[in-house]
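Take 9 as the starting number for the sequence shown in our numbering and just add one per residue.
C-beta atoms are modelled at their ideal positions from N, C-alpha and C, and glycine is treated no differently.
These numbers were taken from a predicted model, which means no experiment stands behind them.
Structure first, commentary second.
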Amino acid sequence: MKRILSLFVFLSAALTAGAQSTPPASVWDDPTLLFYVVIGFMFIVVLLVLAVALYLYQVVNTLAQNAAREKAAKEGVAYTPEPGFFGQFWNSANDFVPLEKEATIELDHNYDGIKELDNHLPPWWKWLFYFTIGFAVVYLIMYHVTSSLPLSTGEYNNELAYADEQARKMKAANPGPAIDENTVEVTADIKALADGKSTFLNTCATCHLRDGGGDIGPNLTDQYWKHGGGIKDIFKTVKNGVPGTNMVAWGGVMSPEAIRNVASYVLTLQGTTPAKPKKPEGTLYQPEVKPAPADSTKTTASL
Numbered sequence: 009m010k011r012i013l014s015l016f017v018f019l020s021a022a023l024t025a026g027a028q029s030t031p032p033a034s035v036w037d038d039p040t041l042l043f044y045v046v047i048g049f050m051f052i053v054v055l056l057v058l059a060v061a062l063y064l065y066q067v068v069n070t071l072a073q074n075a076a077r078e079k080a081a082k083e084g085v086a087y088t089p090e091p092g093f094f095g096q097f098w099n100s101a102n103d104f105v106p107l108e109k110e111a112t113i114e115l116d117h118n119y120d121g122i123k124e125l126d127n128h129l130p131p132w133w134k135w136l137f138y139f140t141i142g143f144a145v146v147y148l149i150m151y152h153v154t155s156s157l158p159l160s161t162g163e164y165n166n167e168l169a170y171a172d173e174q175a176r177k178m179k180a181a182n183p184g185p186a187i188d189e190n191t192v193e194v195t196a197d198i199k200a201l202a203d204g205k206s207t208f209l210n211t212c213a214t215c216h217l218r219d220g221g222g223d224i225g226p227n228l229t230d231q232y233w234k235h236g237g238g239i240k241d242i243f244k245t246v247k248n249g250v251p252g253t254n255m256v257a258w259g260g261v262m263s264p265e266a267i268r269n270v271a272s273y274v275l276t277l278q279g280t281t282p283a284k285p286k287k288p289e290g291t292l293y294q295p296e297v298k299p300a301p302a303d304s305t306k307t308t309a310s311l
């Protein structure tokens with residue numbers, strides 16, 4: 009027994025060490041291979057032991073029946089085989105009334121020679137019913153009286169809280185630049201623009217059309233804007249919406265990255281020619297041109 013425990017300790021240590029190391033190059037280099045081989049071998053040994061035990065039981069049972077049959081022959085009585093272990097278990101679980109004693113449980117009902125027996129429920133059925141009653145009482149106390157365990161709504165809220173906590177931990181471990189209407193910048197990343205295009209076609213094209221020419225919403229291909237045509241203005245409009253119009257606030261639905269991507273994609277529509285462009289709305293937007301930084305060397309030389 010001590011050797012078996014020592015073997016399990018050794019295999020557990022090897023398994024832990026393997027989990028902490030880098031992934032193996034092949035199956036044969038996996039340190040957990042020995043563990044699974046030993047477990048499989050032990051499983052086969054257990055099956056063989058059970059097979060041998062069952063065979064020995066059959067042999068002993070056969071010898072006992074032969075001895076009982078010889079004893080009955082010597083005594084001159086009829087041999088009545090006794091039920092085996094499984095037969096005894098089956099009889100005790102169902103508690104059948106013997107056929108020769110059925111007359112004792114006959115009821116007075118008689119329908120064209122068909123009689124009714126006053127059989128009781130099998131013991132296994134009654135014990136199962138008692139178990140369900142006990143389970144219901146425990147369930148009622150644990151979930152509805154003491155609130156020791158949460159109901160389905162509570163479990164759902166707990167899972168959401170756990171997911172939020174894990175998301176916060178991931179963001180804390182991998183901090184990235186916060187994106188809002190004050191810090192957002194145009195992205196030229198191909199994947200980001202593809203994501204923005206997908207969002208635009210699925211969400212924005214209903215009002216602005218697929219080519220951005222405008223329908224219920226304004227034309228996004230010209231230089232006239234109602235609420236500003238810069239990346240920060242478009243981000244703010246998508247995020248907060250426009251009260252009193254069909255432009256709803258998408259900040260509670262889309263992530264800041266998704267809003268940035270769709271705003272960047274909208275800017276790529278500038279200068280394109282839609283099939284049926286809507287008349288310009290708003291005011292002409294002129295992008296701000298940042299002054300070039302002064303040459304410090306020339307400034308120093310002039311001084």
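Secondary structure of residue 114 (DSSP, three-state): strand. Just so you know, the alpha carbons of residue 235 and residue 227 end up roughly 13 Å apart. For residue 228, there is no enclosing alpha helix (DSSP H), as DSSP marks it with neither H nor E. For residue 163, the enclosing alpha helix (DSSP H) covers residues 160-181. The segment 233-247 makes contact with the segment 265-279, as at least three CB pairs between them are under 8 Å. DSSP places residue 124 inside the beta strand (DSSP E), whose first and last residues are 122-125. Remark: C-beta atoms of residue 215 and residue 254 approach each other more closely than 8 Å. In this structure, the CA atom of residue 148 is about 19 Å from the CA atom of residue 164.
Using a 10 angstroms sphere on the CB of residue 266, the tally of other CB atoms reaches 16 or more, which defines it as buried. In this structure, DSSP gives residue 119 an extended state, which the three-state scheme calls strand. Boundaries of the alpha helix (DSSP H) harbouring residue 65: 41-83, taken from the DSSP string. One alpha carbon belongs to residue 55, the other to residue 41, and they sit about 21 Å apart.
Boundaries of the alpha helix (DSSP H) around residue 135: 131-148. Residue pairing of residue 98 in beta bridges, as defined by DSSP: absent, with no partner found. In the pairwise beta carbon analysis, the segment 96-105 is classified as touching the segment 127-136: at least three pairs are separated by under 8 Å.
By the Cβ neighbour-count rule, residue 207 is buried, with 16 or more other Cβ atoms within 10 Å of its own. The beta carbon of residue 205 lies closer than 6 Å to those of 273 in the same chain, with the five residues before and after it left out. Its Cα nearest to that of residue 67, the residue 92 stands out among 116, 173 and 92. Its chain contains 249 as the residues whose beta carbon lies nearer than 6 Å to that of residue 256, once the 5 sequence neighbours on both sides are disregarded; these appear in chain order.
In the three-state reduction of the DSSP assignment, residue 107 falls in the helix class, which pools H, G and I. In this structure, residue 220 lies near residue 282, with their beta-carbon atoms less than 8 Å apart. Annotated as proximal: residue 115 and residue 124, with beta-carbon spacing under 8 Å.
Residue environment for residue 78: exposed (fewer than 16 other C-beta atoms within 10 angstroms of its C-beta). A Cβ-Cβ contact shorter than 8 Å links residue 293 with residue 232. Exposed is the label assigned to residue 218, since fewer than 16 other Cβ atoms lie within 10 Å of its Cβ. Collapsing the DSSP output to three states places residue 280 in coil.
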